[in-house]
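Asker: With my numbering applied, the sequence shown corresponds to residues 719 to 948, in that order.
Every residue gets a Cβ at the ideal spot worked out from N, C-alpha and C, and that includes glycine.
Because the structure is a prediction, the values reported are computed rather than measured.
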Amino acid sequence: MATAVRTDGAPPCRPGQKLLLGPNGPLAGTLGCSEFDSSAVEETAERLAAGEPVLRTFTHDLGSVEVYLEPLRPGPRLLVFGATPVAEHLLRGAAELGYATVLVEGRAERVTPAHQAAAGRVEASVTDVPLGPAVDAIHTDHDAPDIVEQLAPLLRAGVHFVGVMGSARHTAPHLAALRAAGCTDEELARLRTPVGLDLGARTPAEIALSILAGLLAARTGRTGGWLDRR
C-alpha cells in the first residue's frame with residue numbers, strides 16, 4: 719500500500735491518496751499521476767521482499783510527494799487437524815493470537831458444537847484449504863486414519879510449521895509412510911514431533927498452551943525460556 723503523507727509544491731497529489739499494488743502492478747487507487755504511480759511500482763518488488771515499510775519521496779515537475787510504502791502480508795492461519803479436546807483449546811487460543819483458524823476433520827461425527835464455535839471454519843480435507851508460508855499446521859490425533867494423506871500436502875506446499883502430537887513410538891510409522899509416499903528427507907525434517915515447548919503440560923488446555931507458545935517462538939525465531947535466565 720502506497721500512501722501519500724506529505725507534499726511539497728503543487729504536485730497532482732494530495733496527502734491521504736492511496737495506491738494498492740501487487741507483484742504485477744497497480745490494483746486499485748492512484749497517487750494522482752502516472753509518474754508517481756510508476757515510481758511506486760518500481761519500489762514494489764523490493765518492499766515485498768524486505769517485508770518492512772519505508773518512506774520515499776517521488777518528484778514531479780510541479781512538486782514532490784512523500785509516500786509511505788507498506789507491505790501488506792496475509793495474517794497467519796492455523797490448521798488444526800483432528801477434532802480432539804486439545805484441538806478445541808488450540809482453536810480458541812490461536813484466535814486470540816491473531817490466527818485465522820481452520821479445523822480439518824473428515825469424521826463429521828467427531829466435530830462437536832464446541833469445536834464448531836471455536837473454529838473459524840471447518841473443512842473435511844486439507845485439499846479444501848489454501849496452503850503457503852503464512853500457514854501453521856498441528857495434527858492433534860496421531861491415530862487418525864487419513865493422517866498421512868493430510869500431512870503430505872502440507873510438507874510439499876512449504877507450510878511454515880507442521881507439527882504432530884504424539885511420541886516417537888506413535889509417529890514413527892507415519893514418517894515411514896510419508897517417505898514411502900514420496901516425501902523427501904528435507905521435507906520430513908520439517909515435521910516437528912513431539913510438538914510444543916517443555917512446560918510440563920498434562921491437560922488439554924496445558925498441552926494447547928505449550929503448542930501455541932512453540933508456534934509463537936517459531937514465528938519470532940526464538941527458542942523459549944525464562945527471560946530472567948537469559
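1. Grab me the residues of T693's own chain with a C-beta within less than 6 Å of its C-beta, minus the 5 sequence neighbours each way, in chain order.
2. Report yes or no: do three or more beta-carbon pairs, one from the region 794-810 and one from the region 820-830, lie closer than 8 Å?
3. Ordered along the chain, which non-local residues of its own chain (more than five positions away) have a Cβ less than 6 Å from that of A931?
4. DSSP has S752 in a bridge; who is on the other side?
5. Which same chain residues end up closer than 6 Å to V877 when comparing Cβ atoms and leaving out the 5 residues on each side of it in sequence?
6. So, with DSSP's three-state summary, where would you put E784?
7. Go ahead and label S757 buried or exposed: buried means 16 or more other beta carbons lie within 10 angstroms of its beta carbon, across all protein chains shown.
8. Is there contact between the region 889-909 and the region 918-934, where contact requires at least three CB pairs shorter than 8 Å?
9. Among L934, E761, G918 and G939, whose alpha-carbon lies nearest the alpha-carbon of A813?
10. Give the secondary structure of P744 by DSSP, where H, G and I count as helix, E and B as strand, and everything else as coil.
11. Given this structure, state the Cα-to-Cα distance separating L745 from G939, to the nearest angstrom.
12. Give, in chain order, every unbroken run of the alpha helix (DSSP H) that is at least 4 residues long and sits entirely within the region 764-842.
13. Nearest to A805 by alpha carbon, out of E770, M883 and Q735?
14. Roughly how many angstroms lie between the CA atoms of E788 and P733, to the nearest whole one?
15. In three-state terms, what does DSSP make of L727?
16. Tell me the DSSP secondary structure of H860 in three-state form.
17. By the DSSP assignment, the beta strand (DSSP E) with V880 in it spans what residues?
Answerer: A quick look at the data gives this:
1. With the chain covering 719 to 948 only, the question about residue 693 has no answer from this structure.
2. Yes, since at least three Cβ pairs between the region 794-810 and the region 820-830 fall closer than 8 Å, the two stretches touch.
3. Excluding residues within five positions, the ones whose Cβ falls inside 6 Å are L915.
4. In the DSSP output, where bridge partners are listed per residue, S752 has none listed.
5. Result list for V877: L849, V853 and A855, in chain order.
6. In the three-state reduction of the DSSP assignment, E784 falls in the strand class, which pools E and B.
7. By the 10 Å Cβ count, S757 comes out buried.
8. No: fewer than three Cβ pairs fall under 8 Å.
9. The residue with the shortest Cα to Cα distance from A813 is L934.
10. Reduced to three states, the DSSP call for P744 is strand.
11. One Cα belongs to L745, the other to G939, and the distance between them is close to 33 Å.
12. Those alpha helix (DSSP H) runs which fall completely within the region 764-842 and span 4+ residues are 803-814 and 831-836.
13. Closest option to A805, Cα to Cα, is M883.
14. If you draw a straight line from the Cα of E788 to the Cα of P733, it is about 16 Å long.
15. The sequence as given places Gly at residue 727; Leu does not occur at that position. In the structure shown, the three-state DSSP call for G727 is strand.
16. DSSP places H860 in coil when its eight states are reduced to three.
17. Run containing V880: F879 to V882, per the beta strand (DSSP E) assignment.
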